[in-house]
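Peer 1: Residue numbers (this note's numbering): 21 to 431.
The structure under discussion is supplied below as structure tokens; questions concerning it will follow.
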């Protein structure tokens, strides 16, 4: 039995955005963009991750901590070309160094730990209940030049690493904590960046370990007799979410709660959605950006996998289905990596491990437009016909086997 025809993906022939040598906060990397449409506007809007050596405030003992922040861009031609604002970051870490300064005010007006104090990366933009939101992967301290030395605490102050504080693992280990922001549409358009975002809450619990690749469904989801906010997350230590998970690689989990602020607390409930089953996913899998509803209770979920340092990070897709009396589940899953770095510009960056990493997608005129980072250094855009993609995914069951030929699918 022949395999279904692969949909055709088109990719940027060169980077749409890259490092800016004359911009201190973006002179090293510009990558992992997320995209969104804003009501009443024809443009596509983007937030991208940027890293630079920065100024004196970014230095520790004369060495740059390479803080990571977000910048803004937009496209007026459907994503073919982009105008980026490198005059200032859209959202930058405070870079405070004293424990007493590791706090900010939440959307509700309460003082909370500012888990974005040192690092704000990998944006995921989405709409929910008429509001635009942003999820970031954040840290209390800048991670430093991780492409040279991958040590999260290399730029953390001594008091944090020593454990003599009340900030837990987030400070002692400088773990990734996923943070939710509310975005003000008008302030963003007017480039009033100081007013364009409000800190909502940490939506992962650092006491349960490093946790990133968090996306939130764009509408409430029914689980049993309750309507719940539902997120997907990728804990680095799955065993901390139940003894049944002590032998699996980092995987995609679900978290549900009655309000957004509870997703990172003990009030949230968690279930495993999917774990690695193919070779190209062997080291880990995680959600890439907010699922897209495709009708009849189904959702398109883009996700990524990492095999090893040679194959790196690649992308594929699942279709999920809502279950009225139970949690969401996988209905269809591609057995192959469908998007991966192959062009010279996608491979020639700071990061030696091959990496094509999508953080955003929208549908226009039947085309799925996706923004991605490459080599942890550049940004690009890819397109695919949505119906062709969905038809291909639906040829496989939840285990990645062809429905009409359940022999093993080549990994």
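Glycine residues also receive a C-beta, built at the ideal position from the N, C-alpha and C atoms.
Computed from a predicted structure; not experimentally measured.
Less than 8 Å between the beta carbons of residue 418 and residue 324, yes or no?
Peer 2: The answer is no: Cβ separation not under 8 Å.
Peer 1: Ordered along the chain, which non-local residues of its own chain (more than five positions away) have a Cβ less than 7 Å from that of residue 369?
Peer 2: Result list for residue 369: 394, 395, 396, 397, 398, in chain order.
Peer 1: What are the complete alpha helix (DSSP H) segments, minimum 4 residues, inside the stretch 142-211?
Peer 2: Correct list: 178-182, 189-192, 205-209.
Peer 1: Can you check whether the CB of residue 374 is closer than 8 Å to the CB of residue 331?
Peer 2: Yes, the pair counts as a contact, with Cβ atoms nearer than the cut-off.
Peer 1: What does a CB cutoff of less than 8 Å around residue 265 pick up in its chain, not counting 5 residues either side in sequence?
Peer 2: The residues are 258, 259, 271, 292.
Peer 1: Would residue 26 be called buried (16 or more neighbouring beta carbons within 10 Å of its own) or exposed?
Peer 2: Exposed: under 16 other Cβ atoms inside 10 Å.
Peer 1: Just grab the DSSP bridge partners of residue 326 for me.
Peer 2: Note: residue 326 sits in a beta bridge opposite 304, 333.
Peer 1: Would you list the one or two residues that DSSP bridges to residue 402?
Peer 2: Residue 402 is bridged to 31, 390.
Peer 1: Please state the DSSP three-state secondary structure of residue 232.
Peer 2: It is a strand residue.
Peer 1: Please report the residue range of the beta strand (DSSP E) in which residue 105 lies.
Peer 2: Unbroken beta strand (DSSP E) run through residue 105: 103-105.
Peer 1: Please determine, among 147, 205, 219, 194, the residue with the shortest C-alpha to C-alpha distance to residue 240.
Peer 2: Here the closest residue by C-alpha is 147.
Peer 1: Tell me the rounded alpha-carbon separation between residue 328 and residue 128.
Peer 2: Using only the alpha carbons, I get a separation of about 42 Å.
Peer 1: Looking at the structure shown, is residue 413 part of a helix, part of a strand, or coil, going by DSSP?
Peer 2: Reduced to three states, the DSSP call for residue 413 is helix.
Peer 1: Mapping DSSP to helix, strand and coil, what is residue 226?
Peer 2: Of the three classes helix, strand and coil, the one that applies to residue 226 here is helix, per DSSP.
Peer 1: Mind checking who residue 338 pairs with in its DSSP beta bridge?
Peer 2: 321, 353, per the DSSP bridge assignment.
Peer 1: Determine the closest residue to residue 309 out of 391, 230, 235, with distance taken between C-alpha atoms.
Peer 2: Comparing Cα positions, the closest option is 235.
Peer 1: Check whether the Cβ atoms of residue 392 and residue 400 sit closer than 8 Å, and answer yes or no.
Peer 2: The answer is yes: Cβ separation under 8 Å.
Peer 1: Buried or exposed: where does residue 287 fall if 16 or more other Cβ atoms within 10 Å of its Cβ makes it buried?
Peer 2: With fewer than 16 Cβ atoms within 10 Å of its Cβ, residue 287 is classed as exposed.
Peer 1: Look at the Cβ atom of residue 386, then the Cβ atom of residue 403, and state whether they are nearer than 8 Å.
Peer 2: Not in contact: residue 386 and residue 403 (Cβ atoms no closer than 8 Å).
Peer 1: What are the start and end residues of the beta strand (DSSP E) that includes residue 366?
Peer 2: From DSSP, residue 366 is part of no beta strand (DSSP E) but of the alpha helix (DSSP H) over 364-367.
Peer 1: Can you confirm whether the stretch 155-164 touches the stretch 136-145 when touching is taken to mean that 3 or more C-beta pairs between the two stretches lie within less than 8 Å?
Peer 2: Cβ pair count under 8 Å is three or more, so yes.
Peer 1: Touching or not, the stretch 207-224 and the stretch 109-118, by the rule of three or more beta carbon pairs under 8 Å?
Peer 2: Counting Cβ pairs under 8 Å, three or more are found: they touch.
Peer 1: Where do the N-terminal and C-terminal ends of the beta strand (DSSP E) with residue 276 fall, by residue?
Peer 2: Here the beta strand (DSSP E) through residue 276 covers 272-277.
Peer 1: Less than 6 Å between C-beta atoms, sequence neighbours within five positions excluded: which residues of the same chain meet that for residue 233?
Peer 2: Closer than 6 Å at the Cβ level, and outside the excluded window around residue 233, lie 254, 306, 307.
Peer 1: Identify which residue in 361, 424, 206 has its Cα closest to the Cα of residue 65.
Peer 2: Considering only alpha carbons, the answer is 206.
Peer 1: Check for me: the beta strand (DSSP E) holding residue 378 runs from which residue to which?
Peer 2: From DSSP, the beta strand (DSSP E) with residue 378 extends over 376-384.
Peer 1: Check whether the Cβ atoms of residue 344 and residue 210 sit closer than 8 Å, and answer yes or no.
Peer 2: Not closer than 8 Å, so no.
Peer 1: Quick one: give me the first and last residue of the beta strand (DSSP E) that residue 294 is part of.
Peer 2: Unbroken beta strand (DSSP E) run through residue 294: 289-294.
Peer 1: How many Å lie between residue 246 and residue 277 at the Cα?
Peer 2: The alpha-carbon atoms of residue 246 and residue 277 are separated by roughly 10 Å.
Peer 1: In the DSSP assignment, what residue or residues form a beta bridge with residue 249?
Peer 2: Residue 249 pairs with 277.
Peer 1: Give the secondary structure of residue 131 by DSSP, where H, G and I count as helix, E and B as strand, and everything else as coil.
Peer 2: Looking at residue 131 - three-state DSSP - the assignment turns out to be strand.
Peer 1: Which class does residue 213 belong to by DSSP, given the choice of helix, strand or coil?
Peer 2: Three-state result, residue 213: helix.
Peer 1: Helix, strand or coil for residue 260 per DSSP?
Peer 2: Looking at residue 260 - three-state DSSP - the assignment turns out to be helix.
Peer 1: Going along the chain, which residues of its own chain have a beta-carbon closer than 8 Å to the beta-carbon of residue 187, five neighbours each way excluded?
Peer 2: 119, 122, 133, 160, 180.
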